[in-house]
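What follows is a short report on a single structure.
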Amino acid sequence: MSPNGEVWQGTLALMVLKTLEALGPLHGYGIGRRIEQTSGNRLIVNYGTLYPALLKLEQEGYIASSWGKSENNRRAKFYRLTRAGRRQVVREAGQWEEAAAIVARFLRPESES
Amino acid sequence: MRGVRAWLLRLFGTLRPARGEREMTEELESHLLLHIDECVRRGMSPEAARRDARLRLGGLAQTQELVRARRRLPWIESLFGDLRFGLRLLRRSPGFSLLAVLTLALGIGANTAIFSLVRSVLWSPLPYPDPADLMLLSERSADSGDTTSTSFATWVDWRARSRQFEEIALARDWQPTLSGAGDAEQVTGARVTANFFRALRVRPALGRDFHPDEDTPDTRRVVILGHDLWRRRFDSDPDIVGKTVLLGATPFLVVGVLGPDFRPLVSEAMVGGKAELWAPLGYDATQPWACRTCRHLRALGRLQAGSSRDAGLAELTAITGALWKEHPVDYPGGDVAVVPLSEQLIGSARPVLHVLLGAVGFVWLIACVNLALLLLARASHREREIAVRMALGARRGRVLRQLLSETCLLAVLGGAAGLVLTVVLPWALTAFGPRAIPRLSEVQLDGGVLLFTLGLSLATGLLAGLAPALRLTRGRLPGALREGGTRTSAGAPGRRLRGLLVVAEVALSLSLLVGAGLMVRSLWRLLDLPPGFDAGRVLTMQVSLVGPRYETDGAVRRHHDEVLARLRALPGVEAAAVASQVPLAGNYDSHGFHAEGRMAANPEQDPSAQRYAVSPDYLRVMGIPLVRGRALAASDVDGAPRVVLINQTAAARVWPGSDPLGKRVKLGGTDGPWWTVIGVVGDVHHQRLDETPELQMYVPHAQWEADSQMIIAIRATGPPLELAAAAERVVRSVDPSQAIFQVAALDQYVSTSVAGRRLSLVMLAAFAALALLLSAIGIYGVTSYGVARRTHEMGIRLALGAQPVQLMGSILREGMALAAAGIAVGVAAALMLTRILGALLYEISPTDPATFVAVAAILAAVALLACYVPARRVLRVEPTEALRGE
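Here it is, written out as structure tokens:
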């Protein structure tokens, strides 16, 4: 996460998938808001890049979409995780944790000894 | 996988953009509404909420653009855009487009045509399983170098001792007369050993293969039919197997029919088509024609899996070496040859095709150069457009891509137009006869050819377009943008490049023209060569007598005499004769020639001579000159002293320095009677025009064992083929049941014998003419462009008092300087390149000065014309008009 609180491109996809895994079908705005809330409002999602990212995930078959009604009765496009998406969450989360752990070791080398 | 799926979806999105667009708009709208709703809920004013929502989305238009870029494939869209733009440009300058497309159609079309030819003929495998293992085996005698045959006795030993070869089979040509239902017809076939089809790994589609016990002298009356013959003559009778067919007077039992995709080996015979039926050879070692020196059979070997040609050759050499030791009398020395079947089939066509491949390559390069020249000329009109684009921020790569997609579009259009040539060429080539290029019928337009065309077109577009495009985008903005930028006279941009291209083009054409010129002169020399006979006005036809009526020699001779008598009575017939063989018709019959007192210790080493059994008028019909002694006479009949005529070569070779007249010879074996030499006649080119004549002898047909198959030769008073129908009627009037075939003018045989040479000549000449035309267009284009560009300058010079003729001279000088440089480079290149033609030339040096000079002169003349036409325009320049444009 960059200092000004914008979401890195690569991590956005994982956050979207994780959000959908946790909350079930959700529309784009809801996904963005949820990511911000989960980060304790320390992240600001650029909605302009959110939609291309959703489209990419959909083209790759990790999520699927359909039109539905929102809680306040607005027509919205809802995204949900596919089975491939579920597998992808596990895989990517694992990779991410591993990468984070490695970086963490570099940042606190004294705990190594 | 995921990537591919996404890519395909995007490609689909590119092709059908409307649906995605609508969905995207709705989704973004709904996003804004949801956002606004929430902000309002948190107490914002609706206006502030709307502003905030739009702000957070990062601008609706930008987001839409981002989504679009993800939904589709932007580069494909811009490519389509470039192509659409290119098409518009092409439509706007139809003259340029037409010229460019035509140039490319010729350049690419010629290449595709030759590619499809070469691929089918040279590169595609033979239509048998594991064709690379099939070899032709032959003994090669030390003196003649003949490599196509072996003898039965040798084959027996080869077969028994060889381990490298899985099968070795024998074959010889066979031309039986198929009679029975319908007209008697002569068909081409082969006598083969029983393992022949096993060696090819071909099985009959109907019935069975030959049994080994059918391949013996008394039981060889079985036959396997080719698919075409079965369909043509037997109406595809599914029950044909087990029925009998009449070949000559002999019934043969049909045991099998081959499938439709079987391709027979190319027959050695000059005339007659592909083999259509096969019967067992039926030899055994006791027969006189099975002897070790009776080398008249072709041996086909299939190597064991895992063996190689070298191993096969080594083994065969060892076996044959041992045979020489065992039978020293029968083998005069020499060696053996193992040649891949494919090689033997393609044979002499290979160098021809390689030369053609090279020639079309040149034509292609010239077409590329021409396109580049055209593009350069047009580029000057686009300098400003490109400069403006780049000034407005277009990256160089983007502009290059646009320019190159335009030239590729042109090239692909040209390539598509050129496909016409690909279809027409093989069809046109068949006009030269089946002998000119083997496997021609297998040439076809298919995916491979289309892919080649597309690839070549794109390569052309890139190659020809690159230099002009690079030049255009070099980005010297101020000059290009300046008003009047296209009118600068001095240092016209790209002049050096253009000059270089013209030089290259002229040099390429010169090399091609020299090659074609050398081939033309070769063919002339060959056709000029006296063949030893006068082929004009001679009609030949082959007759074959079948049935019990012709069992005695007397009956056959009486028939021939009767036919000749009736023919002589026919108006339009000057003379008529029968002969066992005629030159250039593909017959080959030679016998041992044993001169009294000059026989070798081993008679097998005596020379052999081509034997013609002829009726007395033969020499007259053929126009063969009698040099000494007397000709054959009607009195030289059976029972009279045996007489023989020999040719000059035989006289000089066998009796050097002494008079052959009155000398005696034995013919064939040494146990026969003596024949007395009564005359010497001129040499005849029997097999090919470009061979040295061999020993030849003429015996009276009445004194030789009668042959039921003879050739009737008629000297007509007019065009021989006009006589054909009447002559055929006369011959049939003697016996309606006999087969008549190969009715042809002797001239036709002469032209068939040079068909291959003529074909390569015509094609090379066509390509050279194409090259000449293209270079003329190139020179014309460059000069005419130069003149147009310099109209302004010319105007000034005229106004200052220069003579128009002087100006024209300077333009001509410029153009001709380029042409001269091109000719110089071309001569140097041709001196090195024409050596490749080697074997295709006949009695002419690859560096023949006359040809070089003539070609250079032709090219210079064409260049002068191509410069003169546009240069003349200078004479019409009005100084005031030219200057007014300021």
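Chains as they are written, first to last, in the numbering used here: chain B, 7 to 119; chain E, 727 to 1612.
For every residue, glycine included, the Cβ atom is placed at its ideal position computed from N, Cα and C.
Is residue i near residue j, with beta carbons less than 8 Å apart?
i, j, result
"E:F923", "E:R929", "yes"
"E:D1362", "E:V1353", "no"
"E:L1449", "E:I1440", "yes"
"E:V1228", "E:V1551", "no"
"E:R1686", "E:L979", "Given a span of 727 to 1612 for chain E in the structure shown, any question on residue 1686 of chain E remains unanswerable."
"E:H1320", "E:A1335", "no"
"E:F891", "E:L1029", "yes"
"E:L754", "E:T789", "yes"
"E:T903", "E:L973", "yes"
"E:D1343", "E:A1302", "yes"
"E:D963", "E:G1262", "no"
"E:R866", "E:D1061", "yes"
"E:P1329", "E:T1396", "yes"
"E:L1253", "E:V1480", "yes"
"E:S1248", "E:L809", "no"
"E:T919", "E:A895", "yes"
"E:L1091", "E:L1026", "no"
Measure the C-alpha to C-alpha separation of residue i and residue j and round it to an integer number of angstroms.
i, j, result
"E:R1200", "E:L1118", "15 Å"
"E:M750", "B:L56", "13 Å"
"E:D677", "E:D954", "Residue 677 of chain E lies beyond the residue range present for chain E, which begins at 727 and ends at 1612; the question has no answer from this structure."
"E:V1065", "E:L863", "7 Å"
"E:E1002", "E:L951", "6 Å"
"E:G1521", "E:T1606", "7 Å"
"E:H1412", "E:P1419", "7 Å"
"E:V1553", "E:L1236", "7 Å"
"E:V1347", "E:V1406", "17 Å"
"E:I762", "B:G54", "16 Å"
"E:L1393", "E:R917", "26 Å"
"E:S1571", "E:W1381", "35 Å"
"E:L1155", "E:L1415", "22 Å"
"E:R1599", "E:V1513", "8 Å"
"E:E1431", "E:G1280", "10 Å"
"E:W1401", "E:A1376", "15 Å"
"E:G1181", "E:T1560", "29 Å"
"B:M7", "E:V1125", "With a pLDDT of only 43 at B:M7, under the threshold of 50, the placement of this residue in the model should not be trusted; the figure read from the coordinates follows. Those two C-alpha atoms are separated by around 38 Å."
"B:T88", "B:S71", "10 Å"
"E:L1188", "E:R796", "29 Å"
Does DSSP put residue i in a helix, in a strand, or in coil?
i, result
"E:G785", "coil"
"E:A897", "strand"
"B:I108", "helix"
"B:T17", "helix"
"E:W1004", "strand"
"E:M1325", "coil"
"E:A975", "coil"
"B:M7", "Summary for B:M7: the model assigns pLDDT 43, below 50, so the residue's position carries little reliability, and this model does not support an answer."
"E:R1294", "helix"
"B:W1", "With chain B represented from 7 up to 119, any question about residue 1 of chain B goes unanswered, as that position is not in the structure."
"E:H1427", "coil"
"E:R745", "helix"
Beta carbon of residue i: closer than 7 Å to some heavy atom of the ligand ADP?
i, result
"E:A1093", "Within the structure as shown, the ligand ADP is missing, as the structure has no ligands at all."
* Validate contact between the region 1487 to 1496 of chain E and the region 1237 to 1249 of chain E using beta carbons, cut 8 Å, 3 pairs -> yes
* Tell me the start and end of each unbroken beta strand (DSSP E) in the region 1462 to 1550 of chain E that is at least 3 residues and wholly inside, in chain order. => 1465 to 1471
* **Every unbroken alpha helix (DSSP H) within the region 1067 to 1154 of chain E, with a cutoff of 4 residues, ordered by chain** => Taking 4 residues as the shortest admissible run, the region 1067 to 1154 of chain E contains the following complete alpha helix (DSSP H) segments, listed from N- to C-terminal end: 1067 to 1072, 1075 to 1117.
* **Contact the region 1078 to 1085 of chain E vs the region 817 to 835 of chain E: 3+ CB pairs below 8 Å** => At 8 Å Cβ cutoff, the stretches do not touch.
* Every unbroken beta strand (DSSP E) within the region 1010 to 1055 of chain E, with a cutoff of 3 residues, ordered by chain -> 1024 to 1029
* Does the region 803 to 818 of chain E come close enough to the region 62 to 81 of chain B that 3 or more CB-CB pairs lie under 8 Å? -> no
* **Sequence ranges, alpha helix (DSSP H) only - wholly within the region 1373 to 1402 of chain E, length at least 4** => 1374 to 1380
* **At least three beta-carbon pairs within less than 8 Å, the region 1500 to 1515 of chain E to the region 1095 to 1114 of chain E** => yes
* To do: Jot down the residue ranges of each uninterrupted beta strand (DSSP E) in the region 807 to 834 of chain E, minimum 3 residues, whole runs only, in chain order.
  => none
* **Touch test, the region 1255 to 1269 of chain E against the region 1454 to 1473 of chain E, Cβ-Cβ under 8 Å, three pairs minimum** => yes
* **At least three beta-carbon pairs within less than 8 Å, the region 31 to 42 of chain B to the region 97 to 116 of chain B** => With a cut-off of 8 Å, the region 97 to 116 of chain B and the region 31 to 42 of chain B do not count as touching, because too few Cβ pairs lie within range.
* Should the region 1127 to 1141 of chain E be called in touch with the region 1533 to 1553 of chain E, which here means at least 3 C-beta pairs below 8 Å? -> By the criterion of at least three beta-carbon pairs nearer than 8 Å, the region 1127 to 1141 of chain E is not in contact with the region 1533 to 1553 of chain E.
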